[in-house]
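Chemist: Counting in full-length UniProt numbering, the sequence shown tops out at residue 673, every number present.
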Amino acid sequence: LISFVLGMAQRLRSQWDRDEGLGQNHNAVKFLGQDYDSLKAQSLQSGRLFEDSLFPAAVSSLGFNELGPRSSKTSGVRWMRPTEFCRQPEFIVDGATRTDICQGALGDCWLLAAIASLTLNDNLLHRVVPHGQSFQHGYAGIFHFQFWQFGEWVDIVIDDRLPVKDGKLLFVHSAEGTEFWSALLEKAYAKLNGCYEALSGGSTSEGFEDFTGGVTEMFELTKPPADLYNIMKRAIERGSLLGCSIDISNSGDREAVTFKKLVKGHAYSVTAVNEVPYRGNMTKLVRIRNPWGEVEWTGPWSDDSREWDSVDRSVRGQLQNRSEDGEFWMSFTDFLREWSRLEICNLTPDALQNTQMKKWSTSLFQGEWRRGSTAGGCRNYPASFWLNPQFKIALQHPDSPDKPDCSFLVALMQKDRRKKRKEGKDMETIGFALYEVPSEFLGRTGVHLKQDFFLRHASSARSELFINLREVSSRLRLPAGEYVIVPSTFEPNKDADFVLRVFSEKELDDQIKANLPPELDESQIDEGFKNLFRQLAGPDMEISVTELQTILNRIIKKHKDLKTDGFTKESCRSMINLMDTDGSGKLGLTEFHVLWEKIKRYVTVFKSFDLDKSGTMSSYEMRMALESAGTVPFHLNLKSPDWVKSFSDTLITLLFQTDQPPVPADHPSLHGG
C-alpha cells in the first residue's frame, strides 16, 4: 500500500510541476536526474572529460541481440571521442544540413529521415539541439539534447564517446566525417530508449513526434485524397515534417532496390514540393531524400534526366541537383505510383514560430491498461470492453455556422515500448472508438459507461484500424456534443501505458474553467467542530502527522465493522500533503474540516459497497466504491496480490483517486471529463 500511496503522491506532484511549466521545451525534465549545466561545470573544474555512468561506453549500451556482446557487428568496436580520431571535429558547421546525416550499421533509417526533415527548420532543430555546444569553446566531453516524450520534454545528457569500428563511426555520420551533432543526437536518443539496438526498425512518425511534440497523419497512397498535393504544400509551408516509404510484401523485400533505385521498406523524408513550367503545362514535383546519402531515383525528373533540358535555365538552376547526395526530384504522378505511404507530422502551437500559422488546440490524457482490471480489449470482446479507460470530451464549436459538425483529430500513443524490447516485448496492437454520451450523463464528470451501454449502442466513430505502431491517429468529424473515447488494445489483458491526445484546428474563444467548489471560509464551520478542532490540535492550532495518526486510529477503533490495522505515519503524511494548501506541513482548521468531511463520506461509501460485510474490500467492491465516489479506477491494478484490503487502505485510495488536481484553465474546449 505504501508504494501505491507514494506513487499517487508522486503523480500529484508531477501534475503540479507540469502546471508550473516543467516539461515544456524551455523547462525540460532532467532525464535520470542529470543536470547538464552542473555536470559540465564539475568536469571543467576537475579538468576531466565527462563520462556518463548511466549510459556507459559498453556493449550493454549497444544492444542485446544483433548488437549484443556475441554479435560479429560489435566485435572490434571501440568507444572513442571525436577528438581522438578526427583532427578538427566540429559540432555543427555552417548550420545543420541534410548531408550531415548518413546512415551507418544500424537500421534506424526512420529516425534519420526525421532528423533530415528537422534540418529544414532551424527553429525546430534548436529545440532538439540546444545552442552553445562545441568541441572548442568550453569543451568538457559532455553534450545534451531534448526530446518530446508522451506529453513532456526531457533533457538528455551524454558524453561524446561514440562506437567506432575500423577507425570510422559505426552508426550515423556526416558526409564530410568532421561534423558530429547527428551522431551525438543519435546517441542521446539511444540512451532515451535503452540502447542503440532499440532504435532498429520503426516509423518516421515516431521521430517526427519526438522532435516536435506534434501529431502525425498517415495517407495510404493507393487511395489518396483528391487534394493531396495541396495538403503537402500547405503542410510544408506551415513547417510540418513529411516522410514516405514503400511497403514490403515479404521479409526478402526489406531494403530491396527497385528498377528505378527506390528502396523498399526504407524511410525517406519529403523536403519540398514545387510546380515548374514544362512543355506548356505546369508539372507538380516532389523532392525526396534518402538518409543513406546515396542511391537515388533514376526515373523522370531525377538528377540527370532529360526532362530538365526543357525547363527554363533559371528555374533549373534553382532546383536541379546533380550530386549523388541521396536527394532527388520526381513528378507527383510518379510519387503516387511508386510510394505506398505518406506521413505528415503537424506541429503543436508551441513549436510554431510564425504566429500567422494556423495552430492546433490540444488536450492530453494519460492512461494505462492493466491485466484483469482495465485491459478490456476491443469491441470483439463485449464482456470486458467496458472495463477499458474512458475519456469524455466536449465538441463545442462547429466548423462553420451553417454546419453542425466539428473537425478534430484523435491520436493514441503507447508508451516506452522500445525500452521493453530487451524483455522480448514489442508494440501492442491498439486503436480506439468514440461513443455519444447518453442524455442522462451530459454535463457530468466521472462518467464510466457500463457493459449494457456498449451492447446496445454502436460507436459514433473509430480509428480506421488497429495496428501495432506506436501511435494510431484519425481525423474525424462529428456533430457538436459530448463523447466518450475508449482506447484499447486489440486483445484483452495486455499491459501497457498510453497517452491519448485530441487536437482541434478550430481557434477557441473561451478558456475552460475548472468546476471547483467554492473555497471554504472559517465562518461556514459550526462552533461544535471548531471546539473539537481546538481540543485535537493543541496550542499551535494545527494538526501534525503524529496528531492525525492518533486521531484517526482512535476513531477507527470504535468501528468494529471496519477491519484495519490502523493508519501508518506514511499514510497520514500523504493525507496531509494532499490537503495542505498553505505548505505548512500541517492541517489548519479549514484544511482539517475538508479532510474530516471526506472521511465521513468515505466511511459511508465503504459500508455501502462492502457487500459481504467482511470489513474489507474485494477488487469488485473497490471498483464500485470508486465509481460511486466520482472516479474511475484507471490507475489501479485491482488484481494485484498486494492490493488494499482494509478500511484504512481503502480510505487512502479513495482520497488519492478522487482528489486529483483540476484540469488547468488554459485547456481548449476539447476537454477531459
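Heads up, the beta-carbon is just placed ideally off N, CA and C, and yes, glycines get one too.
Ignoring anything shorter than 3 residues, give me the beta strand (DSSP E) runs that lie fully in the stretch 30-99, in order along the chain.
Modeler: Annotation: the stretch 30-99 contains the following complete segments of the beta strand (DSSP E) (minimum length 3 residues), in chain order: 78-80.
Chemist: Please name the residue, chosen from 612, 572, 543, that lies closest to residue 589 on a Cα-to-Cα basis.
Modeler: 543
Chemist: Between residue 461 and the rest of its own chain, which residues show a CB-CB distance below 7 Å, the 5 nearest in sequence each way excluded?
Modeler: 434, 476, 478, listed in sequence order.
Chemist: Cβ atoms of residue 149 and residue 28: under 7 Å apart, would you say?
Modeler: No, Cβ-Cβ distance for residue 28 and residue 149 is not below 7 Å.
Chemist: Using CA coordinates, which residue listed in 162, 171, 53 is at the minimum distance from residue 108?
Modeler: 171
Chemist: Pull up the distance between the alpha-carbon of residue 270 and that of residue 300, whole angstroms please.
Modeler: 17 Å
Chemist: By alpha-carbon positions, which one of 89, 430, 451, 448 ends up nearest to residue 487?
Modeler: 430
Chemist: Mapping the DSSP letters down to three states, classify residue 227 as helix, strand or coil.
Modeler: coil
Chemist: Relative to the C-alpha of residue 468, which candidate in 206, 259, 42 has its C-alpha closest?
Modeler: Residue 468 has its Cα closest to that of 206, out of 206, 259, 42.
Chemist: Starting from residue 144, trace the beta strand (DSSP E) both ways and give me its first and last residue.
Modeler: 142-149
Chemist: Output the distance between the C-alpha atoms of residue 439 and residue 362, rounded to the nearest integer angstrom.
Modeler: Residue 439 and residue 362: Cα-Cα distance of roughly 26 Å.
Chemist: Are the CB atoms of residue 64 and residue 91 nearer to each other than 7 Å?
Modeler: no
Chemist: Just tell me which of 536, 530, 603 has its CA closest to the CA of residue 558.
Modeler: Taking only the C-alpha atoms, the option nearest residue 558 is 603.
Chemist: With distances taken between CB atoms, is the gap from residue 387 to residue 372 smaller than 7 Å?
Modeler: no
Chemist: Run through the DSSP bridge pairs and tell me what residue 432 is partnered with.
Modeler: 487
Chemist: Apply the 10 Å Cβ neighbour rule to residue 455 and answer buried if 16 or more other Cβ atoms are within range, or exposed otherwise.
Modeler: exposed
Chemist: Return helix, strand or coil for residue 136, following the three-state DSSP convention.
Modeler: coil
Chemist: Can you tell which of 154, 94, 220 has the C-alpha that lies nearest to the C-alpha of residue 23?
Modeler: 154
Chemist: Should residue 474 and residue 463 be called a contact, given that it needs their Cβ atoms to be closer than 7 Å?
Modeler: Using a Cβ distance threshold of 7 Å, residue 474 and residue 463 count as a contacting pair.
Chemist: Could I get the ranges of all uninterrupted beta strand (DSSP E) runs contained in the stretch 144-216, with 3 residues as the minimum, in chain order?
Modeler: 152-159, 162-165
Chemist: When we look at the beta-carbon of residue 161 and count the other beta-carbons within 10 Å, is it buried (16 or more) or exposed?
Modeler: Residue 161 comes out buried.
Chemist: Applying the criterion that 16 or more other CB atoms from any shown protein chain within 10 Å of the CB defines a buried residue, is residue 509 buried or exposed?
Modeler: Below a pLDDT of 50, predicted positions are generally treated as unreliable, and residue 509, at 31, falls in that range; no measurement from the model is reported.
Chemist: Answer yes or no: do residue 346 and residue 240 have a C-beta to C-beta separation smaller than 7 Å?
Modeler: yes
Chemist: Do we get a CB-CB distance below 7 Å when we pair residue 475 with the residues of chain D?
Modeler: Note that chain D does not occur in the displayed structure, where there is just one protein chain.
Chemist: The alpha helix (DSSP H) spanning residue 343 covers which residue range?
Modeler: No alpha helix (DSSP H) holds residue 343; the beta strand (DSSP E) holding it covers 341-346.
Chemist: Beta-carbon within less than 6 Å of residue 151's beta-carbon, same chain only, minus the 5 sequence neighbours each way: which residues are those?
Modeler: Within the same chain, residue 151 has close Cβ partners 364, 499.
Chemist: Do you know whose CA, among 290, 383, 317, 48, lies nearest residue 139's CA?
Modeler: The shortest C-alpha separation from residue 139 is found at 48.
Chemist: Please state whether DSSP places residue 475 in a helix, a strand or coil.
Modeler: strand
Chemist: If you reduce the DSSP assignment to three classes, tell me which class residue 503 lands in.
Modeler: strand
Chemist: Looking only at its chain, what residues have a beta carbon closer than 8 Å to the beta carbon of residue 327, apart from the 5 residues adjacent to it on each side?
Modeler: 98, 271, 287, 288, 289, 290, 296, 321
Chemist: Which residue wins for smallest C-alpha separation from residue 137, given the options 156, 112, 89?
Modeler: Nearest C-alpha to residue 137 among 156, 112, 89: 89.
Chemist: Taking the alpha-carbon positions, what's the residue 229 to residue 204 distance?
Modeler: 20 Å
Chemist: Is the stretch 109-127 touching the stretch 256-267, taking contact as three or more C-beta pairs under 8 Å?
Modeler: Flag = yes, the stretch 109-127 and the stretch 256-267 touch.
Chemist: Enumerate in chain order the residues of its own chain whose CB-to-CB distance from residue 298 is below 7 Å, with the five nearest sequence positions on each side excluded.
Modeler: 260, 261
Chemist: Residue range of the beta strand (DSSP E) that residue 367 falls in?
Modeler: 361-369
Chemist: Which class does residue 565 belong to by DSSP, given the choice of helix, strand or coil?
Modeler: coil
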